[in-house]
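Here's the structure we're looking at; comments come further down.
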Amino acid sequence: EAGVTQSPRYAVLQEGQAVSFWCDPISGHDTLYWYQQPRDQGPQLLVYFRDEAVIDNSQLPSDRFSAVRPKGTNSTLKIQSAKQGDTATYLCASSHLGNTLYFGAGTRLSVL
Amino acid sequence: GDSVTQTEGPVTLSEGTSLTVNCSYETKQYPTLFWYVQYPGEGPQLLFKVPKANEKGSNRGFEATYNKEATSFHLQKASVQESDSAVYYCALSDQTGYQNFYFGKGTSLTVIP
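These protein sequence lines map, in sequence, to chains A and B.
The first sequence lines up with residues 1 to 112 when you count with the numbering used here.
The second sequence lines up with residues 113 to 225 when you count with the numbering used here.
Laid out in structure tokens, this is it:
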């Protein structure tokens, strides 16, 4: 069974540039999560979906970050105008009925 | 809101010595508790789901215990190996309709041969 797939693995931007991260969850997993993991810290939830519906996006900086999961399968997280403070690893995870989280390898973002 | 707190900072141990990592949690719900491990360049991976209160779980030589009265849970290994060098996270999932997962800050373990 394939795991959670994320792309790209790395991204380097100048401040003000936009970037998108893509996630393909484990097949059959209805719940998809995006976490931000700053260096030397634990994962911090940004947003999560059940199927195509947003369950909680209260931690998503809504003025610059957006996330969609239009068909309840793949998901895209976008940063419109990146800031140096956005430098972190962005992790996607999925679960079936919120049982156990399975993570992808993450996208390491550096904003210069 | 729900939260977990890991009490240890970076840990350096010699091979063959024992490890204990402690976590406490706050939740108004009945929680499901987990331990995750993260190796460099990878996402966190499940070490195991902590079993019911006052029962021990084990995987890869690690054991977990959970004290419901003290709202705490613990990860232990009697004899660490160099390959155990990683970051260990405790996590909590609440049991409301759509579960969120809350992670501790992590304990970085370095094992010296």
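Every residue gets a Cβ at the ideal spot worked out from N, C-alpha and C, and that includes glycine.
- Listed along the chain, the chain A residues whose CB falls inside 8 Å of the CB of tyrosine 201 of chain B are Gly42 and Pro43.
- Along the region 75-105 of chain A, the positions whose C-beta sits under 9 Å from a C-beta of chain B are Thr89, Leu91, Cys92, Ala93, Ser95, Leu97, Gly98, Asn99, Thr100, Leu101, Tyr102, Phe103, Gly104 and Ala105, read in chain order.
- Residue ranges of uninterrupted alpha helix (DSSP H) with 4 or more members are absent from the region 56-86 of chain A; none lies entirely inside it.
- Straight-line spacing of the CA atoms in serine 136 of chain B and arginine 172 of chain B works out to 23 Å.
- The continuous beta strand (DSSP E) containing leucine 13 of chain A extends over residues 10-13.
- Taken through DSSP and simplified to helix, strand or coil, aspartate 24 of chain A comes out as strand.
- Straight-line measurement puts the Cα of glycine 104 of chain A at about 6 Å from the Cα of alanine 93 of chain A.
- When rounded, the separation of the alpha-carbon atoms in lysine 180 of chain B and lysine 78 of chain A is 40 Å.
- Under the Cβ distance rule, valine 19 of chain A does not count among the residues neighbouring chain B, no pair being separated by less than 9 Å.
- Valine 4 of chain A belongs to the set of residues whose beta carbon lies under 9 Å from a beta carbon in chain B.
- Check the Cα spacing between serine 184 of chain B and each of B/Gln150, B/Pro163 and B/Glu194: the tightest is with B/Pro163.
- Between the C-alpha atoms of lysine 189 of chain B and leucine 32 of chain A there is a straight-line separation of about 32 Å.
- Among the bridge pairs identified by DSSP, valine 149 of chain B is matched with B/Gln157 and B/Tyr200.
- In the structure shown, serine 130 of chain B falls within a coil segment according to DSSP collapsed to helix, strand and coil.
- Proximity of chain A to phenylalanine 215 of chain B at the Cβ level (cut-off 7 Å) is accounted for by Gly42 and Pro43, in chain order.
- Under a criterion of Cβ atoms nearer than 8 Å, the residues of chain A adjacent to leucine 158 of chain B are, in order, Thr100, Leu101 and Tyr102.
- For tryptophan 147 of chain B, the closest alpha carbon among the candidates B/Thr139, B/Thr117 and B/Leu125 is that of B/Thr117.
- Excluding the 5 residues flanking it on each side, glutamine 59 of chain A has same chain C-beta neighbours closer than 6 Å at Leu45 and Leu46, in chain order.
- Counting C-beta atoms within 10 angstroms of its own C-beta, lysine 83 of chain A has fewer than 16 neighbours from the protein chains shown and is therefore classed as exposed.
- Of all alpha-carbon atoms in B/Gly113, B/Tyr201, B/Leu145 and B/Glu154, the one lying nearest the alpha-carbon of threonine 5 of chain A is that of B/Glu154.
- Around the Cβ of alanine 182 of chain B, a 10 Å sphere holds fewer than 16 other Cβ atoms; the residue is exposed.
- Rounded to the nearest angstrom, the Cβ distance from proline 43 of chain A to tyrosine 35 of chain A is 4 Å, consistent with a contact under 8 Å.
- Per DSSP, the beta-bridge partners of glutamate 138 of chain B are B/Ser115.
- Contact check for glycine 106 of chain A against glutamine 41 of chain A fails: the beta carbons are separated by 9 Å or more.
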